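Okay, structure first, notes after.
In structure tokens:
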């Protein structure tokens, strides 16, 4: 017997509200803010995210990038942003304290992940719980949660040009984002609520432990 189990997130911690304090501090009140929380490693496609941001910014100078976390690509990608003249349009605070994380989701207009491989991404579920539409690569783990045009968009895995185009498209679709974010929240409430999912995991574990052990050999 196989049990499919998404971990889920704390829906009381990640809420679909607005938080303008961070945007005010960055002087980004009127900008379109893109959030990436993935580790700065090739597996998570952060190099694609930065390259797409640089390309998209040529068409929409209102774009701003919030990139959390750290990793082996950090110095290289910061140099790319500097060479493109976009260091002042990106905020890269590194790893933030867990209690600070919800404020970053609330400060964003769009969550982005260009991950090359993943299961059910906790950061994606956190963004959806925060009422934020997602623009993510079309790998199986993301397609399980994101439906293009409903609660976000999917782009072809590894396609920087398509990601850049979709960033501009999302920024020009601001009137639709609230409805998409509300749908994202509903999806997580239905399938990604940790308080509901954990008892199911515990039940499956207890059932497995109660089964007789079959001797082999």
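Residue numbers (the numbering used here): 5 to 221.
Every residue, glycine too, gets a C-beta built ideally from N, C-alpha and C.
Nothing here was measured: the structure is a model prediction, and the numbers come from that model.
Classify residue i as helix, strand or coil using the three-state DSSP reduction.
{"i": "residue 58", "result": "helix"}
{"i": "residue 172", "result": "helix"}
{"i": "residue 15", "result": "coil"}
{"i": "residue 197", "result": "strand"}
{"i": "residue 143", "result": "coil"}
{"i": "residue 134", "result": "coil"}
{"i": "residue 100", "result": "coil"}
{"i": "residue 179", "result": "helix"}
{"i": "residue 156", "result": "strand"}
{"i": "residue 117", "result": "strand"}
{"i": "residue 88", "result": "coil"}
{"i": "residue 186", "result": "helix"}
{"i": "residue 127", "result": "helix"}
Per DSSP, residue i forms a beta bridge with which residues?
{"i": "residue 94", "result": "69"}
{"i": "residue 107", "result": "BP columns for residue 107 are empty, so no partner."}
Mind checking which residues open and close the beta strand (DSSP E) that includes residue i?
{"i": "residue 48", "result": "Careful: residue 48 lies outside any beta strand (DSSP E) and carries neither H nor E."}
{"i": "residue 77", "result": "Neither: residue 77 is in no beta strand (DSSP E) and is coded neither H nor E."}
{"i": "residue 37", "result": "36–40"}
Our contact map puts residue i next to residue j with C-beta atoms below 8 angstroms; I'd like the distance itself, whole angstroms only.
{"i": "residue 29", "j": "residue 37", "result": "Going by Cβ atoms, the distance from residue 29 to residue 37 rounds to 12 angstroms, so no, they are not a contact pair."}
{"i": "residue 93", "j": "residue 68", "result": "5 angstroms"}
{"i": "residue 181", "j": "residue 57", "result": "About 18 angstroms; that fails the 8 angstroms criterion."}
{"i": "residue 156", "j": "residue 184", "result": "6 angstroms"}
{"i": "residue 222", "j": "residue 62", "result": "Nothing in the structure corresponds to residue 222, since the chain is present only between 5 and 221."}
{"i": "residue 32", "j": "residue 73", "result": "Contact flag wrong, Cβ pair sits at about 19 angstroms."}
{"i": "residue 127", "j": "residue 141", "result": "At roughly 13 angstroms, the Cβ-Cβ gap does not stay under 8 angstroms, so residue 127 and residue 141 are not in contact."}
{"i": "residue 40", "j": "residue 71", "result": "5 angstroms"}
Using the beta-carbon count (16 or more within 10 Å), is residue i buried or exposed?
{"i": "residue 103", "result": "exposed"}
{"i": "residue 190", "result": "exposed"}
{"i": "residue 160", "result": "exposed"}
{"i": "residue 47", "result": "exposed"}
{"i": "residue 65", "result": "exposed"}
{"i": "residue 13", "result": "buried"}
{"i": "residue 178", "result": "exposed"}
{"i": "residue 34", "result": "exposed"}
{"i": "residue 60", "result": "buried"}
{"i": "residue 79", "result": "exposed"}
Just curious, the alpha helix (DSSP H) that residue i is in, first and last residue?
{"i": "residue 150", "result": "Per DSSP, residue 150 belongs to no alpha helix (DSSP H) and is neither H nor E."}
{"i": "residue 25", "result": "25–30"}
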